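The numbering of the sequence shown is the working numbering, which starts it at 453 and goes up by one.
Remarks on the structure that follows.
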Amino acid sequence: MDRIVILSAGASTRFWPLASIHHKAFYRIGTGKTILEETVSGILEEFENPTEISIVVAPRDFDLAVRLFNDNDKVKVYVQEKPTGAGQGLLKALKGDFSGKFMLTTGDKINAGKILKELAGEDLAHSAGSGQAVALRKTKDPKHYGIVELEGDRIKSVTEKPDEGSSPSDSKITSAYLLDSSFLTFVEKHPSDHYSLEIALDEYVRENDVKGVFVDEIEDTRLKFPWDLLDINQKIQSRKSMQFIDPSAQISKTSVIDGPVYIDKNARVLDFVKIVGPAYIGENALIGDFCLIRKNSYIDKNVTIGSYSEIKNSLIYEGTTVHRNYIGDSVMDENSKIGAGTILANRRNDRGEIKSMIKGELISSGLDFLGAFIGAGAKTGANSAIMPGRKIGKNANIWPGKVVLEDVPEEETLK
453 MDRIVILSAG ASTRFWPLAS IHHKAFYRIG TGKTILEETV SGILEEFENP
503 TEISIVVAPR DFDLAVRLFN DNDKVKVYVQ EKPTGAGQGL LKALKGDFSG
553 KFMLTTGDKI NAGKILKELA GEDLAHSAGS GQAVALRKTK DPKHYGIVEL
603 EGDRIKSVTE KPDEGSSPSD SKITSAYLLD SSFLTFVEKH PSDHYSLEIA
653 LDEYVRENDV KGVFVDEIED TRLKFPWDLL DINQKIQSRK SMQFIDPSAQ
703 ISKTSVIDGP VYIDKNARVL DFVKIVGPAY IGENALIGDF CLIRKNSYID
753 KNVTIGSYSE IKNSLIYEGT TVHRNYIGDS VMDENSKIGA GTILANRRND
803 RGEIKSMIKG ELISSGLDFL GAFIGAGAKT GANSAIMPGR KIGKNANIWP
853 GKVVLEDVPE EETLK
């Protein structure tokens with residue numbers, strides 16, 4: 453395959469309060485790689501020698517993307533100046549006189565390599581028709597996705613986020629495409645429409661033979677809502693079976709390291725700490741006395757976990773400090789700080805599914821264990837409590853003793 457395009461320049465509005473500094477594909481997970489790096493690694497496992505992997509990013513992420521892939525001459529980084537939709541991002545990568553087949557996916561698809569390989573499979577490549585395909589999955593919630601209408605295995609039409617009760621099918625597009633360069637002329641017809649890719653695809657399939665390929669047997673990953681970050685971290689960490697402790701790390705003799713725990717350079721684990729893997733402790737991180745770090749936790753570099761804290765299935769990012777806290781099923785973005793005694797509650801009293809507000813709509817997470825999502829630079833005072841599924845915006849400030857029952861906008865103070 454000549455070109456594989458990876459889009460990572462969207463605004464990620466449904467990911468609030470996360471992704472305020474970088475695109476969501478640049479979050480580190482697992483054992484310290486970004487989601488985008490995991491995606492590219494998976495593609496290179498399936499496609500040994502692509503002519504080019506074209507990554508499209510926002511201006512704020514260009515330098516970081518170049519650094520991440522500086523040693524791989526197959527990867528080139530392109531800038532999409534504004535988040536004007538996937539179609540315009542695609543044109544940034546395939547501008548000029550590009551001709552031939554290309555593959556398209558997004559930076560948050562850690563299994564993109566396997567899915568794209570399915571599209572390029574021997575049976576499809578030699579089948580009658582154009583040899584073009586789009587990956588599909590079944591869904592029970594079509595209103596959040598691009599939905600296709602099928603005639604046999606041929607895609608007849610595409611409807612983006614259909615209204616409740618009006619979906620043409622339960623078959624959703626899963627952000628993986630094998631298309632011909634002739635598709636680009638259809639995208640170019642809609643330069644100002646945010647959904648130019650979806651509109652162009654609907655027009656294109658009405659005139660061209662494009663096959664729908666179901667990939668439900670391949671493990672699904674999604675990074676649409678903030679809690680999806682927990683799931684994608686679990687999937688990556690579950691692949692790790694070995695324990696690793698860097699020689700420069702300082703581990704107290706009274707601590708217990710149980711299972712596949714990865715402890716990075718110059719990390720310090722103090723007295724009577726227990727860490728249960730899979731888990732990751734980043735470079736220069738400090739885990740204070742009497743802490744419990746439970747499985748599927750990701751403690752980033754330069755994080756301080758103060759004494760007597762319990763962390764369960766959570767991601768805590770660079771520069772964050774906590775002390776004497778319970779943090780369950782939560783994400784804390786970089787340089788956030790929570791005061792002693794603050795609780796990030798992760799269970800409803802009635803044990804029901806936890807709902808969260810997304811762009812003005814209260815939606816179910818599908819989870820009965822879900823904590824809080826803390827934006828970059830946010831702070832809480834001592835003995836505050838954040839209820840399940842609630843979100844704290846970037847640089848918000850929660851005063852001591854407050855109970856957070858609703859989302860708190862960025863830069864706001866809750867007194």
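Where is the CB? At the ideal position from N, CA and C, for every residue including glycine.
Note that this is a predicted model, so its numbers are computed, not measured.
Annotated three-state conformation of Glu762 is strand, per DSSP. Taken atom to atom, the span from the alpha-carbon of Lys753 to that of Thr832 is near 21 Å. Between the region 477-485 and the region 534-543 there are fewer than three C-beta pairs closer than 8 Å, too few to call the two in contact. Secondary structure of Lys566 (DSSP, three-state): helix. The continuous stretches of alpha helix (DSSP H) do not include Ile670, and DSSP gives it neither H nor E. In the three-state reduction of the DSSP assignment, Val725 falls in the coil class. Assignment of beta-bridge partners to Phe554 by DSSP yields Arg455 and Leu631. About 13 Å separates the beta carbon of Cys743 from that of Ser766, a gap too long to meet the 8 Å contact definition.
Residue environment: Gly791 is assigned as buried (16 or more neighbouring CB atoms within 10 Å of its CB, all protein chains considered). In this structure, the CA atom of Ile709 is about 30 Å from the CA atom of Leu520. Among the bridge pairs identified by DSSP, Gly598 is matched with Glu612. Non-local beta-carbon contacts of Leu568 in its own chain, meaning distances under 6 Å to residues more than five positions away in sequence, involve Met555 and Ala628 in chain order. Straight across, the Cα-Cα distance linking Ala572 with Ile838 is about 47 Å.
Pairing Asn501 with Ser808, the inter-Cα distance amounts to about 43 Å. In the three-state reduction of the DSSP assignment, Gly780 falls in the strand class, which pools E and B. Note: Ile684 is not bridge-paired with any residue in the DSSP secondary-structure output. Looking at Ala477, Glu504 and Thr503, the one whose alpha-carbon comes closest to that of Thr491 is Ala477. Counting other Cβ atoms within 10 Å of its Cβ, Asp515 stays below 16 and is therefore classed as exposed.
Arg589: member of the beta strand (DSSP E) spanning Gln584 to Lys590, first to last residue. Distance between Gly780 and Ile763, taken at the CA atoms: about 6 Å.
Taken through DSSP and simplified to helix, strand or coil, Tyr714 comes out as strand.
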